[in-house]
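Single-structure report; data block below.
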Amino acid sequence: MLVLGLSTGHKVGLAVTAFVFILFALGSSFLFPRVRPQYPGRGLPAFIIVAFVFFFGMLSAVEVFGAEPKETKQSEHAADTFVRATTTTAATATTVTTAPATQAQTTTKAATPAAAAKPATIDVTETEFKIVLAPSALKAGKVTFQIKNTGKLPHDLAIVGGPRSKLIAPGGTGTLTTILKAGKVELYCSVPGHKQAGMNVKTTVAQGQAAATTPAAPAAATPSSVKVTETEFKIVLAPPELKTGRVTFEIKNTGKLPHDLAIVGGPKSKLIAPGGTGTLSTILKAGKVELYCSVPGHKQAGMDVKTTVS
-8 MLVLGLSTGH
2 KVGLAVTAFV
12 FILFALGSSF
22 LFPRVRPQYP
32 GRGLPAFIIV
42 AFVFFFGMLS
52 AVEVFGAEPK
62 ETKQSEHAAD
72 TFVRATTTTA
82 ATATTVTTAP
92 ATQAQTTTKA
102 ATPAAAAKPA
112 TIDVTETEFK
122 IVLAPSALKA
132 GKVTFQIKNT
142 GKLPHDLAIV
152 GGPRSKLIAP
162 GGTGTLTTIL
172 KAGKVELYCS
182 VPGHKQAGMN
192 VKTTVAQGQA
202 AATTPAAPAA
212 ATPSSVKVTE
222 TEFKIVLAPP
232 ELKTGRVTFE
242 IKNTGKLPHD
252 LAIVGGPKSK
262 LIAPGGTGTL
272 STILKAGKVE
282 LYCSVPGHKQ
292 AGMDVKTTVS
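Those letters in the sequence shown? Residues -8 to 301, by the numbering used here.
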């Protein structure tokens, strides 16, 4: 009770009351019995009354002297109110300060320049032995030639006095980007002998930027069909030259033994009985391809065909 009292207001009054209570307790426990061994003896009722008086007096002292003064509570309440008000003011100041930054960011985004104009696109088709431009009339400025080699030999595209593209394989594509100036320009294939054979184009570059051409979306490719006849011991294709893309081989076995049709590095058909038919669908890429019969011994006997996919 003494510690509780000293932690609050009215410390002096509470300390005096506690000191008197402690003296009474020590005297009753140690001092009085030594002087009067029969203590409290007949004075027991009085001792009980005095003890209760001291006990309740101590409780009252704690209640009275230990209560916090109203001024202290009011001071703490005022301090708490001040802290809250300061925090709110700081938050408001932060919000006000942030607003100009947000406005500055918005202004920066609005000031972003538009994307640079894309170079004009010119489609170029090369084959043996010619070069076709679309459109044929060029305009000055940055131009990207989109080249497609539809021939059977490698080609490239070069500009007299300018750059040239990489060598493009049959069926392949490539690009050549350059800046054209108004005037005459000559494009050609730099593979030895190809220019002399006719792979060169002379045209005029007009003033102004060429309009970028948007290639039309290609129609869905229809699988090409190739007739295949198998017998002992050969394979006949009609037509013998194949095109890139999805192909369906329509196979007919006119021999006296079962046969199938297989592609080196690719799929194969089911086994077809004599007089029967079957199909084999696949996607062919440009280059060499070999077809054969996978029945043991038939390929070695002559049932294989090597051809070109263009």
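Heads up, the beta-carbon is just placed ideally off N, CA and C, and yes, glycines get one too.
Contact between the region 141 to 160 and the region 264 to 271 is absent, with fewer than three C-beta pairs closer than 8 Å. Under the three-pair Cβ rule at 8 Å, the region 272 to 289 counts as touching the region 249 to 256. Judged by DSSP secondary structure, Glu221 falls within the beta strand (DSSP E) whose first and last residues are 215 to 222. Here Pro161 is buried, its C-beta having at least 16 other C-beta atoms within 10 Å.
Inclusion of Val296 and Thr273 in the CB contact set at 9 Å is not warranted, their separation being larger than that value.
Exposed is the label assigned to Thr245, since fewer than 16 other Cβ atoms lie within 10 Å of its Cβ. Taking 9 Å as the cut-off, the Cβ atoms of Lys130 and Val196 count as close. In terms of Cα proximity to Glu281, the closest of Thr299, Gln291, Ala264, His289 is Thr299. Thr166 carries a strand assignment under DSSP once its states are collapsed to helix, strand and coil. Bridge partners of Gly189 according to DSSP: none are assigned. In the structure shown, the three-state DSSP call for Val255 is coil. CA-to-CA, the gap between Gln198 and Thr169 works out to about 16 Å.
In this chain, the beta strand (DSSP E) harbouring Ala229 covers 225 to 229. Lys279: member of the beta strand (DSSP E) spanning 278 to 283, first to last residue. Looking only at Phe224, Gly142, Lys133, the smallest Cα-Cα distance to Lys121 is reached by Gly142.
Ile138 is positioned such that its CB atom lies no closer than 9 Å to that of Thr112. Of the candidates Pro249, Thr135, Pro24, Thr135 places its Cα closest to the Cα of Leu171. The criterion of a C-beta distance shorter than 9 Å is satisfied by Phe45 and Val11. Between the alpha carbons of Glu241 and Gly174 lies a gap of roughly 54 Å. Between the alpha carbons of Val41 and Phe15 lies a distance of about 9 Å. When DSSP states are grouped into helix, strand and coil, Arg25 belongs to the helix group.
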